[in-house]
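Taken in order, the sequence shown gives residues 91 to 439; the numbers are from my numbering.
Even glycine gets a Cβ: it sits at the ideal position worked out from N, Cα and C.
Step one of this worksheet: look at the structure below.
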Amino acid sequence: MNKKVVLSTVAIVLTVGVGIYFSTQLLSKNSKKVSSPAPTVGQLTKIRIGWQIPWATQGQLTQVLKHTTLLAQNGLEAKFSGFVAGPPLNEAAMAKAVDVIFTADQPAATLFSKNPNWVIIGRLMYNRVSLYVPPNSPIKTVSDLKGKTVGMPFGAAAQRMALKAEEDAGLKPGVDVTNVNLGIYEQGDLVKDPIALKWGTIDALAGFDPSPALFEDKGLVRNIKVGKVVSLIVMSKEFIAQNPNAPVQFLTAFNGAYKYYKNNVPQADAWFIKESKLKLTSKPLAIASGMEPNLKAKSDSDIRIGFIEDDYKIMQDAADFLLKQGLIKSEIVMKDYVDLSFLKKAQLK
Numbered sequence: 091m092n093k094k095v096v097l098s099t100v101a102i103v104l105t106v107g108v109g110i111y112f113s114t115q116l117l118s119k120n121s122k123k124v125s126s127p128a129p130t131v132g133q134l135t136k137i138r139i140g141w142q143i144p145w146a147t148q149g150q151l152t153q154v155l156k157h158t159t160l161l162a163q164n165g166l167e168a169k170f171s172g173f174v175a176g177p178p179l180n181e182a183a184m185a186k187a188v189d190v191i192f193t194a195d196q197p198a199a200t201l202f203s204k205n206p207n208w209v210i211i212g213r214l215m216y217n218r219v220s221l222y223v224p225p226n227s228p229i230k231t232v233s234d235l236k237g238k239t240v241g242m243p244f245g246a247a248a249q250r251m252a253l254k255a256e257e258d259a260g261l262k263p264g265v266d267v268t269n270v271n272l273g274i275y276e277q278g279d280l281v282k283d284p285i286a287l288k289w290g291t292i293d294a295l296a297g298f299d300p301s302p303a304l305f306e307d308k309g310l311v312r313n314i315k316v317g318k319v320v321s322l323i324v325m326s327k328e329f330i331a332q333n334p335n336a337p338v339q340f341l342t343a344f345n346g347a348y349k350y351y352k353n354n355v356p357q358a359d360a361w362f363i364k365e366s367k368l369k370l371t372s373k374p375l376a377i378a379s380g381m382e383p384n385l386k387a388k389s390d391s392d393i394r395i396g397f398i399e400d401d402y403k404i405m406q407d408a409a410d411f412l413l414k415q416g417l418i419k420s421e422i423v424m425k426d427y428v429d430l431s432f433l434k435k436a437q438l439k
């Protein structure tokens, strides 16, 4: 063989050999760095979560999902869209801009009346609605509201609770009591004087947390009635059809969010306060979350995101109230929109 050919052949072999050696070393080095590869983005199911920025307890649960790997661990990649209240969240749902929403019983019934392509897959939380007066008010019970004026956010669960409380006390709303529309944020401009007997022309207010909890913490109000709202996890049927495993994955992650929140309340509160920009401390947040039993669960296994029979009654009261007020056009049977099969598959309570 020609001497030049032999030298060329040797050079090629050496070059290839060195390349293979260094490639092998590089792969070996990288494999040591990543001992158990995490799923790539392409392996995760994308899900768009609609939530309500100023709404306590729900807000902390959302922040846990945002700041931990719970969703990724369960095969989901989330995009979070925050809304100021239920109505704009419903608009996003009807526009197919979100796949799952965190909402209260009343907005959920409104959504179902307009678009039946949504289903309740679990319980989000219990939250308070309250009827309150100035601490020095002569009003002691709901029956004392006769001839008085009550401000409340019309269309909200606080209005439903307040009107029912008036009726249960033997009063006729609109006749014995003057009820006026007053948004929850407008109430903050009124409730400032701890020694007030009334707030201008307003004798009492109805609202939903965290605002009443904040007023209560500052000694600015005294509750005369407290009610409960059943808030819900509602998912698009179309999204479920396209991603049949997603409901189970999401509920598993959400159950994990409750576990984290329960065991790390200060951290979850801090995340919520930062994003909501609300001037809150841990005490009013504790008042607001006081109705939710999962945060008092003795063990993680006691956490429940399913329903008890009383929940269905409260949910139906919400739908019936909307129909009575002319806010929806036809009857909605809330239980017909609940699908517990995903909770069962996830082996969750």
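- When the Cα atoms are used, F397 and K403 turn out to be separated by approximately 11 Å.
- Here T342 is near A436, since their CB atoms are less than 8 Å apart.
- Per the C-alpha coordinates, the member of E257, G416, L155, Y216 positioned closest to Y351 is L155.
- Going by DSSP, N345 is part of no beta strand (DSSP E) but of the alpha helix (DSSP H) stretching over 336 to 353.
- Collapsing the DSSP output to three states places G172 in a strand.
- Taken through DSSP and simplified to helix, strand or coil, M215 comes out as strand.
- If you draw a 10 Å sphere on the C-beta of Y348, you find 16 or more other C-beta atoms in it, and that means buried.
- Membership of A194 in the beta strand (DSSP E) is indicated by the continuous run 190 to 194.
- Residues of the same chain with a CB within less than 6 Å of the CB of R138, apart from the 5 flanking positions on each side, are K169, V188, D189 in chain order.
- In the DSSP assignment, G245 falls outside any beta strand (DSSP E) and carries neither an H nor an E.
- Looking at the backbone, the Cα of K254 and that of K204 are separated by about 25 Å.
- D429 and R213 have their C-alpha atoms spaced approximately 11 Å apart.
- A Cβ-Cβ separation of about 5 Å places F202 in contact with I422 under the 8 Å criterion.
- Residue environment: V209 is assigned as buried (16 or more neighbouring CB atoms within 10 Å of its CB, all protein chains considered).
- Here Q142 is bridged, per DSSP, to F173.
- Counting of Cβ neighbours within 10 angstroms places P144 among the buried residues, the total reaching 16 or more.
- Taking A409 as the centre and dropping the five residues before and after it, the same chain places the C-beta of A199, I422, M424 closer than 7 Å to its C-beta, in chain order.
- Rounded to whole angstroms, the Cβ separation of D293 and V232 is 12 Å, and the two are not in contact under 8 Å.
- Using a Cβ distance threshold of 8 Å, G140 and Q339 do not count as a contacting pair.
- Relative to V311, the option among K318, P383, K282, E328 whose CA is nearest is K282.
- Spanning the alpha carbons of L433 and K308 requires a straight line of approximately 40 Å.
- The three-state reading of DSSP puts L295 in strand, counting E and B together.
- Around the C-beta of V174, fewer than 16 other C-beta atoms lie within 10 Å, and the residue is accordingly described as exposed.
- If you compare the alpha carbons of E365, I377, L417 with that of S171, the shortest gap goes to E365.
- DSSP, reduced to helix, strand and coil, places P374 within a helical segment of the structure shown.
- Restricting attention to M325, L438, R394, the CA atom closest to the CA of A183 is found in M325.
- As computed with DSSP, R312 is found in a beta bridge with V223.
- Annotated as proximal: P300 and L368, with beta-carbon spacing under 8 Å.
- With distances taken between CA atoms, N384 lies nearest to Q148 out of Q148, A252, A303.
- In this structure, the alpha-carbon of N226 lies about 11 Å from that of W289.
- 8 Å or more divides the Cβ of N180 from the Cβ of F298.
- With fewer than 16 other CB atoms across the displayed protein chains lying within 10 angstroms of its CB, S389 is exposed.
- With a cutoff of 8 Å on beta-carbon distance, S220 and V316 are scored as near each other.
- Per DSSP, the unbroken alpha helix (DSSP H) holding V154 starts and ends at 148 to 157.
- I395 is positioned such that its CB atom lies closer than 8 Å to that of L438.
- Assignment of beta-bridge partners to G317 by DSSP yields V219.
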